[in-house]
Structure formats: C-alpha cells, structure tokens
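*Asks:*
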Ligand code: CA
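In the numbering used here, the protein residues as written are 418 to 650.
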C-alpha cells in the first residue's frame with residue numbers, strides 16, 4: 418500500500434509537536450493539514466476529504482472527544498487516531514465509544530505513530546466513501562455496529578461491556594491473524610495498565626459465551642496454543 422499523497426489532518430495545539438510531526442509525515446510522503454484548536458479541526462474535518470485525522474484530546478476551544486463525537490454525529494467517518502495524555506486510560510474507553518479507530522499515548526515514538534497510521538490506512542473501506550472507516554461488520558448471525566457499540570443477533574442486542582466490545586473489535590480488525598496475548602494486552606488494555614494475560618483469557622471466555630454456539634468448541638474466537646488467539650469470523 419502506498420501512503421504517498423494520503424491526506425492527514427493534524428489537530429494539535431502544541432507548536433513543537435506540530436512542527437515535528439508535520440516534518441516527519443511530509444518526509445514520509447503524506448500531505449499534512451493542520452488545525453490548532455478543536456473548532457477549526459472539526460470544521461476542516463467535516464469539510465475536507467482526509468484519509469486520516471490525528472486528533473489531540475486537550476485542545477483549545479473544543480476538546481478532542483467533543484470534536485470526535487460531533488463529527489461522527491455528522492456521519493463524518495474518516496478514521497481518527499487519538500493522541501491521549503499518559504495515564505488517562507479511561508479516555509481510551511470514552512474514545513472507543515465515540516468511534517475513534519486507535520490511540521496513542523503521549524509521548525510516543527514516531528515509528529509507532531507511523532506504524533499505527535499505516536495500519537489504519539490499510540483497512541478496507543467497504544462503504545465506498547474515500548476515507549470512510551468500517552461502520553459495521555457481520556459474522557455468523559451477528560452484526561456489529563462500531564459507532565453505536567452494539568452487537569445484534571437478528572433483532573436481539575447482545576449485552577457487552579466496553580472492554581469486551583474493544584476486544585471483539587480488535588479481533589475483527591485483525592481477523593485471520595494469530596494475535597499474541599501481549600499484542601492484545603497492549604492494544605486493548607493499553608500500555609499503562611497492568612492486567613495479567615489471564616485477564617485476556619477471562620474476557621475471551623465471556624465473549625465466547627455470548628457469541629459461540631458451543632463455547633467449548635469455538636468457531637469464531639480460536640485458541641492459538643501457547644500464543645494467543647485468532648478471530649475466524
Ligand atoms: Ca493539546
């Protein structure tokens with residue numbers, strides 16, 4: 418996949434970070450646009466065709482969460498990678514509920530940012546609109562709506578915690594790939610928190626109970642022995 422010419426909207430108010438990011442992203446081949454506050458960021462995001470938005474949380478005029486929520490309300494489905502402050506784990510949950518695609522905690526390594534950006538840009542955009550993120554996904558009898566965080570079996574809504582939803586979403590986004598427990602921990606629980614790998618197993622058990630016809634012989638969330646899990650839905 419080529420990232421050449423992909424349009425990035427950077428909504429960030431820290432001048433130094435703006436300069437560093439802009440320089441680096443441009444040298445990678447991205448076309449970078451910048452907004453220094455939440456109001457301007459939202460206006461630009463709603464009016465322009467961007468492939469990805471890098472959205473800071475703490476912004477003048479309007480914070481990143483409000484910007485994201487209002488963009489999604491306007492059906493602007495451009496992928497959003499949020500830049501959150503260290504230790505604000507709850508922010509990630511809020512962000513996921515509002516429809517962010519990924520998170521990075523400041524301070525972050527440039528290479529990590531570039532890798533996450535590429536991962537988001539590689540995702541299919543089945544709705545047809547350029548830059549639109551996947552709004553829903555179906556597997557087996559289930560349909561999952563990423564924006565409302567709802568999963569249904571026919572007309573029945575499956576009750577799910579925010580964390581179970583995040584885990585399922587991560588599986589879906591990486592379907593067919595064997596995912597180690599460490600990777601799952603880092604991406605779903607975040608680098609700051611320290612849950613044990615057993616936490617993952619517990620959540621997988623819960624997901625299987627909700628999604629699998631026979632949780633003992635799962636068809637969707639498969640165990641990769643001695644390693645982790647793989648989503649086959
Ligand atoms: Ca800021």
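C-beta: ideal position from N, C-alpha, C; glycine also.
Give a yes or no on whether the C-beta atoms belonging to residue 476 and residue 455 are separated by under 8 Å.
*Replies:* yes
*Asks:* Looking at ligand 1, does it come within less than 7 Å of residue 498, judged from the CB to the closest heavy atom?
*Replies:* no
*Asks:* Where does residue 619 sit, in a helix, a strand or coil, going by DSSP?
*Replies:* helix
*Asks:* Is residue 623 closer than 8 Å to residue 590 when the C-beta atoms are compared?
*Replies:* no
*Asks:* Would you call the CB atoms of residue 594 and residue 647 closer than 8 Å?
*Replies:* yes
*Asks:* Check whether the Cβ of residue 577 sits closer than 7 Å to any heavy atom of ligand 1, and report yes or no.
*Replies:* No - ligand 1 has no heavy atom lying nearer than 7 Å to the Cβ of residue 577.
*Asks:* Would you kindly work out how many angstroms separate the C-alpha atoms of residue 585 and residue 599, rounded to a whole number?
*Replies:* Cα-Cα distance, rounded: 16 Å.
*Asks:* Beta-carbon within less than 6 Å of residue 627's beta-carbon, same chain only, minus the 5 sequence neighbours each way: which residues are those?
*Replies:* 575
*Asks:* With a cut-off of 8 Å, does the C-beta of residue 556 fall near any C-beta of chain C?
*Replies:* Absent from the structure is chain C; it holds one protein chain and no more.
*Asks:* For residue 598, which residues does DSSP report across the bridge?
*Replies:* For residue 598, which the question treats as bridged, DSSP gives no partner whatsoever.
*Asks:* Can you look up residue 444 in the DSSP assignment and give me helix, strand or coil?
*Replies:* helix
*Asks:* Going by DSSP in three states, residue 565 sits in which element: helix, strand or coil?
*Replies:* coil
*Asks:* Within its chain, find whatever has a CB closer than 8 Å to the CB of residue 491; leave out the 5 residues flanking it on each side and keep chain order.
*Replies:* 463
*Asks:* When you compare each of 447, 434 and 481 to residue 421 by their alpha carbons, which one comes out closest?
*Replies:* 447
*Asks:* With a threshold of 6 Å on Cβ separation, who are the neighbours of residue 439 within its own chain once the five nearest residues in sequence on each side are excluded?
*Replies:* 449
*Asks:* Identify the residues that DSSP records as bridge partners of residue 502: which are they?
*Replies:* 523
*Asks:* With a CB to CB cut of under 6 Å and the five nearest residues on each side skipped, what residues in its chain are close to residue 424?
*Replies:* 448, 467 and 468
*Asks:* Between which two residues does the alpha helix (DSSP H) holding residue 486 run?
*Replies:* 481-490
*Asks:* Among residues of its own chain, excluding the 5 on either side of residue 480, which ones have a beta-carbon nearer than 8 Å to its beta-carbon?
*Replies:* 455 and 474
*Asks:* How would you label residue 443, buried or exposed, when you count the other beta carbons within 10 angstroms and need 16 or more for buried?
*Replies:* Taking every protein chain shown into account, the CB of residue 443 has fewer than 16 other CB atoms within 10 angstroms, so this residue is exposed.
*Asks:* Taking all protein chains shown into account, do 16 or more other C-beta atoms lie within 10 angstroms of the C-beta of residue 543, making it buried, or fewer, making it exposed?
*Replies:* Low per-residue confidence applies at residue 543: pLDDT is 38, beneath 50, and the placement is therefore not dependable, though the value from the model is reported in the following sentence. Answer is exposed; the Cβ neighbour count stays below 16.
*Asks:* Classify residue 528: buried if its beta carbon has 16 or more other beta carbons within 10 angstroms, exposed otherwise.
*Replies:* exposed
*Asks:* Among 596, 613 and 434, which has the Cα closest to the Cα of residue 640?
*Replies:* 596
*Asks:* Using only the alpha-carbon positions, how far apart do residue 545 and residue 471 sit?
*Replies:* Note that residue 545 has pLDDT 36, beneath the 50 cutoff, so the model's placement of it is unreliable and the number below is only indicative. Distance between the alpha carbons of residue 545 and residue 471: 22 Å.
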